[in-house]
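Residue numbers (my numbering), protein chains in the order written: chain A, 11 to 235; chain B, 3 to 266.
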């Protein structure tokens, strides 16, 4: 309990909280890294996932490569890119995108591919173009799954973004690595608690968005028939 | 008029779904393709709107080869009603019905208004307009499917076992409704079913398709019932010896004495 109290006191101390290297600013930085990595992963993963899900081509490639990407140890990737690219944000960002990509890709792909075959067939038979089938039928029906993918990607990156500090970038990891070196365990625990708090808050935010999405794209899945 | 001219369809694995079939479906009539599962009747139907491309031969609508037409425009000009309705689960009844008119550029308000009118045509209460497909019964979903097929006022309606998944009472009801609608609208309908009773009820002309996409016999229901071309047709119609019926009092019974009907 002493550590928890010490961690709380550390957080409550305005000296630690404010300023450009206070935990307030580091939290914003941490969220910014997370958002940036997730958005980049979406920009790559959603079009790719949609293309594969709609065309049913390269399915095996996607499934096996996302599986392999999931198995990558992020610390190793950060180190590798750090050695290649040097100190800064590029290396960890690349690693985070790599971390977020499989979930986003799988969500986009599974959502589109999982759209009811009858509905897709009917859409084509009615004279929708392939783009219209994708954006008016498959994408809306796959929205909950895509959102689930983005959600888990975001949470993974949020939890892992502490590693950015390992190669000299910012984020809440700064306190973890600093605390480790200076044996300031209260500081380490405090920054961990902030990460945990952020994760819970972000997950809750996604839960709300998820409900809104399910309301605007009702698919009847799980509804009483 | 829809004409199939020597069409064949074979798949890469060597399966022959349709072999050298020629057929004319006259305008403003219901032509029923009937046959057992896997005989190629659905393949034939899907050739008309280019969902399936024949390996050889042509499909013509009013003497124009469909292969020369843009598939998207062609499909928008032909109504399509399928089994299990194929409604878009994320759209309400009106929006499902209005799909094709909206694709064709009709303003949404106008298309929705027409969709509500069509709901009445197919016997659906307008109060269901804002419901989603899963909130409707199977029979209601099929009615929405029919309304959607009619929404762009196509000359041709393709119906692929549209009443196959509903119970017999609802099916009879839907069949009556279809005949009433056809009496008013006079569309050229190509209708696929595996149910010979349905074919006889609906068809101005019946085409019995045997396995491998070969026509076993075609004609009006009367012609086929009176003079089945071969044993296959006879057994498909249920007219073989095991079903030789006779009258016992007011009942019609089969050779084992089981009642199969009653004289009016």
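No residue lacks a Cβ here, since even glycine has one placed at the ideal position from N, Cα and C.
At the level of alpha carbons, what is the spacing between residue i and residue j?
{"i": "residue 232 of chain B", "j": "residue 213 of chain B", "result": "14 Å"}
{"i": "residue 190 of chain B", "j": "residue 47 of chain B", "result": "13 Å"}
{"i": "residue 72 of chain B", "j": "residue 59 of chain B", "result": "18 Å"}
{"i": "residue 75 of chain B", "j": "residue 183 of chain B", "result": "25 Å"}
{"i": "residue 9 of chain A", "j": "residue 220 of chain A", "result": "Absent from the structure is residue 9 of chain A, since the part of chain A shown begins at 11 and ends at 235."}
{"i": "residue 163 of chain A", "j": "residue 129 of chain A", "result": "29 Å"}
{"i": "residue 50 of chain A", "j": "residue 110 of chain A", "result": "9 Å"}
{"i": "residue 62 of chain B", "j": "residue 70 of chain B", "result": "10 Å"}
{"i": "residue 241 of chain B", "j": "residue 186 of chain B", "result": "34 Å"}
{"i": "residue 132 of chain B", "j": "residue 120 of chain B", "result": "14 Å"}
{"i": "residue 111 of chain B", "j": "residue 61 of chain A", "result": "33 Å"}
{"i": "residue 166 of chain B", "j": "residue 174 of chain B", "result": "11 Å"}
{"i": "residue 144 of chain A", "j": "residue 211 of chain A", "result": "32 Å"}
{"i": "residue 224 of chain A", "j": "residue 217 of chain A", "result": "11 Å"}
Using the rule of at least 16 other Cβ atoms within 10 Å of the residue's Cβ for burial, across every protein chain shown, is residue i buried or exposed?
{"i": "residue 51 of chain B", "result": "buried"}
{"i": "residue 114 of chain B", "result": "buried"}
{"i": "residue 191 of chain A", "result": "exposed"}
{"i": "residue 128 of chain B", "result": "exposed"}
{"i": "residue 220 of chain B", "result": "buried"}
{"i": "residue 134 of chain A", "result": "buried"}
{"i": "residue 155 of chain B", "result": "exposed"}
{"i": "residue 13 of chain A", "result": "exposed"}
{"i": "residue 87 of chain B", "result": "buried"}
{"i": "residue 125 of chain A", "result": "buried"}
{"i": "residue 193 of chain A", "result": "exposed"}
{"i": "residue 196 of chain B", "result": "buried"}
{"i": "residue 134 of chain B", "result": "buried"}
{"i": "residue 98 of chain A", "result": "exposed"}
{"i": "residue 121 of chain A", "result": "buried"}
{"i": "residue 69 of chain A", "result": "exposed"}
{"i": "residue 224 of chain B", "result": "exposed"}
{"i": "residue 104 of chain B", "result": "buried"}
{"i": "residue 159 of chain A", "result": "buried"}
{"i": "residue 122 of chain B", "result": "exposed"}
Just checking my contact of residue i with residue j at CB under 8 Å: how many whole Å lie between their CB atoms?
{"i": "residue 81 of chain A", "j": "residue 91 of chain A", "result": "That pair is no contact at about 17 Å."}
{"i": "residue 84 of chain B", "j": "residue 132 of chain A", "result": "6 Å"}
{"i": "residue 138 of chain B", "j": "residue 148 of chain B", "result": "Their Cβ separation, rounded to whole angstroms, is 13 Å, which puts residue 138 of chain B and residue 148 of chain B out of contact at 8 Å."}
{"i": "residue 79 of chain A", "j": "residue 112 of chain A", "result": "5 Å"}
{"i": "residue 204 of chain B", "j": "residue 239 of chain B", "result": "So it is not a contact: roughly 15 Å between Cβ atoms."}
{"i": "residue 209 of chain A", "j": "residue 168 of chain A", "result": "5 Å"}
{"i": "residue 136 of chain A", "j": "residue 78 of chain B", "result": "7 Å"}
{"i": "residue 81 of chain B", "j": "residue 151 of chain B", "result": "3 Å"}
{"i": "residue 1 of chain B", "j": "residue 4 of chain B", "result": "Lying before the first or after the last residue shown, residue 1 of chain B is absent from chain B, which here runs from 3 to 266."}
{"i": "residue 89 of chain A", "j": "residue 171 of chain A", "result": "That pair is no contact at about 16 Å."}
{"i": "residue 264 of chain B", "j": "residue 253 of chain B", "result": "6 Å"}
{"i": "residue 217 of chain B", "j": "residue 23 of chain B", "result": "6 Å"}
{"i": "residue 197 of chain A", "j": "residue 189 of chain A", "result": "4 Å"}
Taking only beta-carbon positions, decide if residue i is within less than 8 Å of chain A.
{"i": "residue 105 of chain B", "result": "yes"}
{"i": "residue 157 of chain B", "result": "no"}
{"i": "residue 82 of chain B", "result": "yes"}
{"i": "residue 172 of chain B", "result": "no"}
{"i": "residue 133 of chain B", "result": "no"}
{"i": "residue 7 of chain B", "result": "no"}
{"i": "residue 109 of chain B", "result": "no"}
With a threshold of 6 Å on Cβ separation, who are the neighbours of residue i within its own chain once the five nearest residues in sequence on each side are excluded?
{"i": "residue 200 of chain A", "result": "17, 20 and 21"}
{"i": "residue 43 of chain B", "result": "35, 37, 194 and 211"}
{"i": "residue 172 of chain B", "result": "141"}
{"i": "residue 102 of chain B", "result": "78, 153 and 154"}
Would residue i pass as an interface residue toward chain B - the criterion being a Cβ-Cβ separation below 8 Å?
{"i": "residue 147 of chain A", "result": "yes"}
{"i": "residue 233 of chain A", "result": "Interpretation of residue 233 of chain A is limited by its pLDDT of 38, a score under 50 that renders its predicted location unreliable; no figure is taken from the coordinates."}
{"i": "residue 198 of chain A", "result": "no"}
{"i": "residue 53 of chain A", "result": "no"}
{"i": "residue 172 of chain A", "result": "no"}
{"i": "residue 57 of chain A", "result": "no"}
{"i": "residue 132 of chain A", "result": "yes"}
{"i": "residue 121 of chain A", "result": "no"}
{"i": "residue 128 of chain A", "result": "yes"}
{"i": "residue 180 of chain A", "result": "no"}
{"i": "residue 154 of chain A", "result": "no"}
{"i": "residue 137 of chain A", "result": "yes"}
{"i": "residue 150 of chain A", "result": "yes"}
Answer yes or no: the CB of residue i versus the heavy atoms of the ligand ATP, is any distance below 7 Å?
{"i": "residue 197 of chain A", "result": "Absent from the structure shown: the ligand ATP. Ligands present: none."}
Within the same chain, show all residues whose beta-carbon is closer than 8 Å to that of residue i, passing over the 5 residues directly before and after it, in chain order.
{"i": "residue 54 of chain B", "result": "11, 45 and 48"}
{"i": "residue 141 of chain A", "result": "none"}
{"i": "residue 30 of chain B", "result": "188, 189 and 190"}
{"i": "residue 213 of chain A", "result": "161 and 165"}
{"i": "residue 29 of chain A", "result": "35"}
Among residues of its own chain, excluding the 5 on either side of residue i, which ones have a beta-carbon nearer than 7 Å to its beta-carbon?
{"i": "residue 46 of chain A", "result": "103"}
{"i": "residue 72 of chain A", "result": "62, 115 and 119"}
{"i": "residue 58 of chain A", "result": "115"}
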